[in-house]
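In our numbering, the protein residues as written are 3 to 131.
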Amino acid sequence: IKKKKKKDQYMTHLWLIVQKGQQRPQSNGVEHITAVRMARKRKMDIALSIAIGSATQVAMFVVAMAVIVGWILGVPMTLDFEEFEVQMFTYTSIILFILISDGVSNWLEGAMLLCLYTSIAVAVWHQEI
């Protein structure tokens with residue numbers, strides 16, 4: 003029970019970090035606006051590279067902050083991911099590469115990515131801690 007309590011504390015703190023990052027739209031809002039403008043001009047390669055670069059920057063920031071905050075609070079946070087997380091990262095990377103490798107996009111590919119996001123959220127929700 004004590005281990006589960008620590009994981010719950012970790013998830014609460016990580017959630018606060020993510021929420022704090024989302025409360026500042028000026029941090030990467032310009033990147034999103036630029037990506038939308040490029041997509042409207044039919045320059046999908048630039049729009050996709052901006053969107054993926056922005057998502058990568060945010061993910062790296064959240065992981066780094068989770069490690070630092072975990073160290074400050076005494077909650078261990080390492081980058082030693084379990085098999086489930088590694089599989090999710092791998093499958094997501096492969097599917098994303100397949101969908102964007104041609105440099106063009108359509109509504110069906112966007113819908114597929116939304117379904118992927120939803121299925122990952124459901125899988126994480128039902129995963130045992």
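Note that beta-carbon positions come from the ideal geometry of N, C-alpha and C, so glycine has one too. Predicted model only: the values in this text are computed from it and were never measured.
Secondary structure of residue 86 (DSSP, three-state): helix. In the DSSP assignment, residue 118 falls within the alpha helix (DSSP H) that extends over 109 to 128. Membership of residue 47 in the alpha helix (DSSP H) is indicated by the continuous run 46 to 75. Residue range 31 to 42 is occupied by the alpha helix (DSSP H) that includes residue 36.
With contacts defined as CB atoms closer than 9 Å, residue 94 and residue 122 qualify as a contacting pair. DSSP places residue 81 outside both helix and strand once states are collapsed to three, so it counts as coil. For residue 75, the number of other beta carbons within 10 angstroms of its own is below 16, and it is reported as exposed. Apart from the 5 residues on each side of it in sequence, residue 47 sits with its Cβ closer than 6 Å to the Cβ of 105 in its chain, given in chain order. The DSSP-derived three-state label of residue 95 is helix. Annotation for residue 79: 12, 68, 69, 72 place their beta carbon closer than 7 Å to its own, counting only its chain and skipping 5 residues before and after. Of all alpha-carbon atoms in 127, 98, 128, the one lying nearest the alpha-carbon of residue 115 is that of 98.
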